[in-house]
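S.K.: Under my numbering, the letters of the sequence shown match residues 3 to 244, in that order. For each residue, glycine too, the CB sits at the ideal point set by N, CA and C.
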Amino acid sequence: MHTLELKDISVTASNKTLVEGASLTLRSGEVHILMGPNGSGKSSLLNVIMGHPKYELASGSVLLDGDDVTRLSTEGKAKAGLFLSLQHLPEIAGVSMTSFLHRAYKEIKGSTITPLDFYKMAEKMAKDAGLDSGFLKKYVNSGLSGGEKKQSEVLQLLVLQPKFAFLDEIDSGVDIDAMKHVYAGINMLKEKGIGFLLVTHYANVLEYIKPDMVHVMRNGKIVASGSDELIGRITKDGFERI
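#1: Would you say arginine 29 and methionine 52 are within 8 Å of each other, going by their C-beta atoms?
#2: Grab me the residues of asparagine 189's own chain with a C-beta within less than 7 Å of its C-beta, minus the 5 sequence neighbours each way, in chain order.
#3: Does the beta-carbon of glycine 148 have 16 or more other beta-carbons within 10 angstroms, so that it is buried, or is it exposed?
#4: Quick check: what's the CA-CA separation for glutamate 7 versus methionine 215?
#5: In terms of alpha-carbon separation, which member of Ala95, Leu200, Leu84 and Val184 lies closest to proline 164?
#6: Once DSSP output is grouped into helix, strand and coil, what is the label at leucine 118?
#7: Among all the DSSP beta bridges, which residues are the ones paired with phenylalanine 166?
#8: Shortest alpha-carbon distance to glutamine 153 belongs to which of Leu200, Gly132, Ala167 and Lys194?
#9: Does DSSP put tyrosine 210 in a helix, in a strand, or in coil?
#10: Under 8 Å by Cβ, that's how I've got glycine 222 and leucine 20 pegged, so tell me the actual separation to the nearest angstrom.
#11: Name the one or two DSSP bridge partners that leucine 36 has.
#12: Looking at C-beta atoms only, is the number of pairs between the segment 97-106 and the segment 134-143 that lie closer than 8 Å three or more?
#13: Is glutamine 89 near the ligand SAM, with its Cβ less than 7 Å from a heavy atom?
#14: Could you tell me whether the segment 85-93 touches the segment 161-177, using the rule of 3 or more Cβ pairs below 8 Å?
#15: May I ask you to report which of helix, strand or coil DSSP gives glutamate 231?
#16: When DSSP builds the beta bridges, which residues end up paired with aspartate 70?
#17: What number of angstroms, rounded off, separates the C-alpha of serine 42 from the C-alpha of arginine 220?
#18: Using the beta-carbon count (16 or more within 10 Å), is proline 117 buried or exposed?
#19: State the Cα-Cα distance for the pair serine 227 and threonine 237, rounded to the nearest angstrom.
#20: Measuring only the C-alpha atoms, how far is valine 184 from glutamate 32?
#21: Using 10 angstroms around the beta-carbon of glycine 187, count the other beta-carbons present and answer buried if the total reaches 16, otherwise exposed.
#22: Would a C-beta distance cut-off of 8 Å place serine 61 and threonine 72 closer than the cut-off?
#23: Since leucine 36 and leucine 200 are thought to touch, with beta carbons under 8 Å apart, how far apart are those beta carbons, to the nearest angstrom?
#24: Consult DSSP for isoleucine 51 and reduce its assignment to one of helix, strand or coil.
#25: Smallest Cα separation from alanine 24: which of Lys18, Ser229 and Ile11?
#26: Bridge partners for lysine 223 per DSSP, in chain order?
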């Protein structure tokens, strides 16, 4: 059982406070949903956890199983078991998903697996999850639709199997069929013990996943936390009345 604690996280960028005093605790196999209006600080929170250079951690700490990983490099955090799926995914032309994941897998797992054996393993994982294994032969996010990019992120999660994953609008720009594949993969990984902090704007997320906790951010602060009943209140009354 792993535990991730965000303690009083405050984030600034360009001398502007984006997040103020955000705290939450996430455990293995839990899914926490983070919602809020545009500009409320959701993406800023996820990005600062992983050390995005655009954002400055003004105060607070990130504890993984009790160890302070706040100041680790992004690479160090990935090796420790953290994973971030960005809202806007970069395209890396000329680098196949297999090559990308093989290198990452060896670095994170300390493995000496050969490229061929790795491909066979990743191909099986994709097929078992109902994902198109053809993603493995394509360049990273290059020439892919929005839904295909999000599915390729799920494939990365399946292969790398971090302790905790932060997904920034993994369901944005995704059609219904792709949405089903994305959340099927997330549910499969949840059962394997991976914890998720998932940013979404879609109330219909409850059709695909059962969250353990829902948090609402507004003006850089987590203003409410509770069960999935919160999503129903948001749908009815909007964020301003939460």
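M.R.: From the atom records:
#1: no
#2: Within the same chain, asparagine 189 has close Cβ partners Ile211.
#3: Exposed is the call here.
#4: 14 Å
#5: Leu84
#6: Of the three classes helix, strand and coil, the one that applies to leucine 118 here is helix, per DSSP.
#7: Leu84 and Gly197
#8: Comparing Cα-Cα distances from glutamine 153 to each of Leu200, Gly132, Ala167 and Lys194, the minimum goes to Gly132.
#9: coil
#10: 6 Å
#11: Val201 and His217
#12: Verdict: yes, contact present.
#13: Absent from the structure shown: the ligand SAM. Ligands present: none.
#14: yes
#15: helix
#16: Leu65
#17: 5 Å
#18: exposed
#19: 16 Å
#20: 17 Å
#21: By the 10 Å Cβ count, glycine 187 comes out buried.
#22: no
#23: 7 Å
#24: Isoleucine 51: helix per DSSP, three-state reduction.
#25: Ile11
#26: Arg220
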